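Asker:
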Amino acid sequence: MDRRTYLTALGATVAGAATTGIAAAKDHPTYRPGGPWPGQLQAINLNGLLTNEQLAERLQQIDRRSDRLDLRQIGQSAGRNAPIWEATVGSGDTNVHLITQIHGDEPVGTEVAVDLLRELALSDSRQVRSILDELTLTVVPRVNPDGAMFHYDIDDDGRSEWVGRRTNTQRWNADDSRHEPWYHYTHPAGTTPGYDMNRDFNVRPPSEFDPRTDTEPEWWSQVDGDWYLDMPYEGYTLLASGLRLAPEVRAVTRSYLDAAPDIAITHHHQGAYLVPDSGNGNGPADQTIMSVMGQYGPAYIEESPFYDPDVPVEQVVNPFVDAATSTRSLRLNALVANALAERGNSVFDTITRYSYLPLWGSYLDALTPHTDAAGMLYEVSYQTDDRGQMSLGRMVEATRVGFVESLEALATETLDQVSASDYFDIPTHGEPLDNPHLSMRRR
């Protein structure tokens, strides 16, 4: 796999395009997804979600009511100077680090994380006591306050709407790094640019890497006008490494290293996708409510959809993740998929798998090698600027079950009852769907 092929595969995986060479469902005018799209752009409404101020108030309220919670500010955002909060609860030997809303248009994890923290801080249920006794949970409930509160005139009516966006709000300056990295861009046009922060992490420890001084000219390559840092590290070349330029990323890195977790979990949203081979010809195919992704290393490389014996291992899996850690990761992801499928509701029996490919600027691939942590990623369907609050209840419930089942399994040591091979039996998600009201605006 040459560099361009790798970047193409990487882009497809990141965008969730696990299938290629087939017509997308968006091209079928008769397909009507499970519930209509918003009839107009004005239907996007985020007023039921927490603002940055409300998030702070909610966390501080929980902290005042409970001596179990340790709440602290670990940094502030680049654009709004909004606080980035970290909450820790529990006293167990197994450390779990959970981050949500690193992309500002992916808010459901934040809503569920706050509710989870409230329950763990205030409830005396047997389940809560078990989790608190066995686990120490550190949560960064909103990594991207700038993107979370992004306003934009999405419908050209002369007024800005609260829609959220993927990036933070931060300009690149020539003295920040040798080149402007590929993941710094302006969207929508005419707004302040920012970083896709899940491309900005770096595997080297903070004490060993300064983007202003610690990159060599030969580490950089330019493809289609974009600059990529291909960083050598421990005998490997880590393509498209991040530079740790965003203060939010630096704050999360410090939080992670302080927590020294055994398990790392990150929550995201994806686009709208179909479940492969669903529908049985009697109706429209099902939409997936959530995809899971387990991080793994060379022990499972032949299971990768991108496996090629002639391709460097670091372009297919994470070479710093050992066999035992890989197995824990795969079991945890399979357990969540199984738990949702067993709920007896066809909506939740639509879990799919997000194809794993190492992303060397991501939270999981850059940080988990420092503590040998098993990595887990949730991808619930739809961004806020796709559907606003439509399907919000389903997304919240899928996320809640995922979080609770993960923590309970870790607390009760039931992961051993799950086979790692179950993970690879989960179907990869299928064809994408586009919101017809937004597709033209995004080209």
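Oh and the sequence shown: position 350 is 341 in my numbering, straight run, nothing missing.
Beta carbons: idealized from backbone N, C-alpha and C, even for Gly.
These numbers were taken from a predicted model, which means no experiment stands behind them.
Since residue 402 contacts residue 126 with CB under 8 angstroms, what's their CB separation in whole angstroms?
Answerer: Between residue 126 and residue 402 the Cβ distance is about 6 angstroms, and since that is below 8 angstroms, they are a contact.
Asker: Look at residue 515 and residue 369 and say whether their C-beta atoms are less than 8 angstroms apart.
Answerer: Residue 515 is absent from the model: the chain starts at -8 and stops at 434.
Asker: I need the straight-line Cα distance from residue 167 to residue 236, nearest angstrom please.
Answerer: In a straight line, the C-alpha of residue 167 is about 7 angstroms away from that of residue 236.
Asker: Quick one: is residue 198 buried, meaning 16 or more other Cβ sit within 10 Å of its Cβ, or exposed?
Answerer: Exposed, since its Cβ has fewer than 16 Cβ neighbours within 10 Å.
Asker: Which residue from 328, 178 and 170 puts its Cα closest to that of residue 142?
Answerer: For the residues 328, 178 and 170, the minimum Cα distance to residue 142 belongs to 178.
Asker: Using a Cβ-Cβ cutoff of less than 8 angstroms, which residues in the same chain neighbour residue 7 once the five nearest sequence positions on both sides are dropped?
Answerer: Interpretation of residue 7 is limited by its pLDDT of 41, a score under 50 that renders its predicted location unreliable; no figure is taken from the coordinates.
Asker: For residue 416 and residue 294, I'd like the C-alpha separation in whole angstroms.
Answerer: Going from the Cα of residue 416 to the Cα of residue 294 covers about 11 angstroms.
Asker: At a cut of 8 angstroms, does the segment 284 to 292 reach the segment 304 to 322 through at least three beta carbon pairs?
Answerer: Yes, they touch.
Asker: Can you name the start and end residues of the beta strand (DSSP E) that residue 63 belongs to?
Answerer: Where residue 63 is concerned, the enclosing beta strand (DSSP E) stretches over 61 to 67.
Asker: Below 8 angstroms on the Cβ atoms is my guess for residue 244 versus residue 358; work out the distance and round it to an integer in Å.
Answerer: The Cβ separation is near 7 angstroms, so the contact holds.
Asker: Would you call the CB atoms of residue 255 and residue 321 closer than 8 angstroms?
Answerer: Not in contact: residue 255 and residue 321 (Cβ atoms no closer than 8 angstroms).
Asker: With three or more C-beta pairs closer than 8 angstroms as the rule, is the segment 107 to 119 touching the segment 64 to 76?
Answerer: Short answer: they don't touch.
Asker: Using DSSP with H/G/I as helix, E/B as strand and the rest coil, what is residue 122?
Answerer: Of the three classes helix, strand and coil, the one that applies to residue 122 here is helix, per DSSP.
Asker: Taking buried to mean at least 16 other C-beta atoms within 10 Å of its own C-beta, is residue 253 buried or exposed?
Answerer: With 16 or more Cβ atoms within 10 Å of its Cβ, residue 253 is classed as buried.
Asker: Are residue 242 and residue 137 close, meaning C-beta to C-beta below 8 angstroms?
Answerer: No, the pair does not count as a contact, with Cβ atoms beyond the cut-off.
Asker: Is it true that the segment 168 to 176 meets the segment 210 to 224, where meeting means three or more beta-carbon pairs spaced less than 8 angstroms apart?
Answerer: As far as the Cβ criterion goes, the segment 168 to 176 touches the segment 210 to 224, which means the pair count is three or higher.
Asker: Tell me which residue opens and which closes the alpha helix (DSSP H) that residue 326 is part of.
Answerer: Run containing residue 326: 314 to 332, per the alpha helix (DSSP H) assignment.
Asker: According to DSSP, residue 78 sits in a beta bridge with which residue or residues?
Answerer: BP columns for residue 78 point to 62 and 130.
Asker: Taking the CB atoms as reference points, tell me whether residue 94 and residue 193 lie closer together than 8 angstroms.
Answerer: It is not a contact, given that the beta carbons lie outside the stated cut-off.
Asker: Tell me where the beta strand (DSSP E) around residue 367 begins and ends.
Answerer: Segment 365 to 372, the beta strand (DSSP E) holding residue 367.
Asker: Buried or exposed: which applies to residue 180, given that a residue is buried once 16 or more other Cβ atoms fall within 10 Å of its Cβ?
Answerer: The residue in question, residue 180, is exposed, as its Cβ has fewer than 16 Cβ neighbours within 10 Å.
Asker: Could you give the distance in angstroms between the alpha-carbon of residue 56 and the alpha-carbon of residue 102?
Answerer: One C-alpha to the other measures close to 19 angstroms.
Asker: For residue 313, tell me which candidate among 52, 364 and 159 has the shortest Cα-Cα distance.
Answerer: It is 364 whose Cα lies nearest to the Cα of residue 313.
Asker: Give the DSSP-derived three-state secondary structure of residue 92 in the structure shown.
Answerer: Reduced to three states, the DSSP call for residue 92 is coil.
Asker: If I measure Cβ to Cβ from residue 66 and keep anything under 6 angstroms in the same chain, skipping five residues before and after, which residues do I get?
Answerer: Closer than 6 angstroms at Cβ, skipping near neighbours: 75, 238 and 242.
Asker: Between the C-alpha atoms of residue 25 and residue 162, what's the straight-line distance to the nearest angstrom?
Answerer: At residue 25 the pLDDT is 34, less than 50, meaning the model places this residue with poor confidence; the figure from the coordinates comes in the next sentence. The alpha-carbon atoms of residue 25 and residue 162 are separated by roughly 39 angstroms.
Asker: Within 10 Å of its beta-carbon, does residue 226 have 16 or more other beta-carbons around it, so buried, or fewer, so exposed?
Answerer: Under this definition residue 226 is an exposed residue.
Asker: Which whole runs of the beta strand (DSSP E) in the segment 123 to 199 are 3 residues long or more, in chain order?
Answerer: Entirely contained in the segment 123 to 199, the beta strand (DSSP E) runs reaching 3 residues are, in chain order, 126 to 131.
Asker: Residue 37: buried (16+ other C-beta within 10 angstroms of its C-beta) or exposed?
Answerer: Residue 37 comes out buried.
Asker: According to DSSP, simplified to helix, strand and coil, what is residue 398?
Answerer: In the structure shown, residue 398 sits in a helix (DSSP, three-state: H, G or I).
Asker: Quick one: give me the first and last residue of the beta strand (DSSP E) that residue 212 is part of.
Answerer: Segment 211 to 214, the beta strand (DSSP E) holding residue 212.
Asker: How is the beta strand (DSSP E) around residue 254 delimited, first residue to last?
Answerer: Counting along the chain, the beta strand (DSSP E) containing residue 254 begins and ends at 254 to 261.
Asker: Distance, Cα to Cα, residue 333 vs residue 327?
Answerer: Approximately 10 angstroms between the Cα atoms of the pair.
Asker: Does the beta-carbon of residue 223 have 16 or more other beta-carbons within 10 angstroms, so that it is buried, or is it exposed?
Answerer: Under this definition residue 223 is an exposed residue.
Asker: Would you tell me roughly how many angstroms separate the C-alpha atoms of residue 186 and residue 140, rounded to the nearest one?
Answerer: Computed Cα separation, rounded: 15 angstroms.
Asker: Output the distance between the C-alpha atoms of residue 148 and residue 354, rounded to the nearest integer angstrom.
Answerer: Spanning the two alpha carbons is a distance of roughly 38 angstroms.
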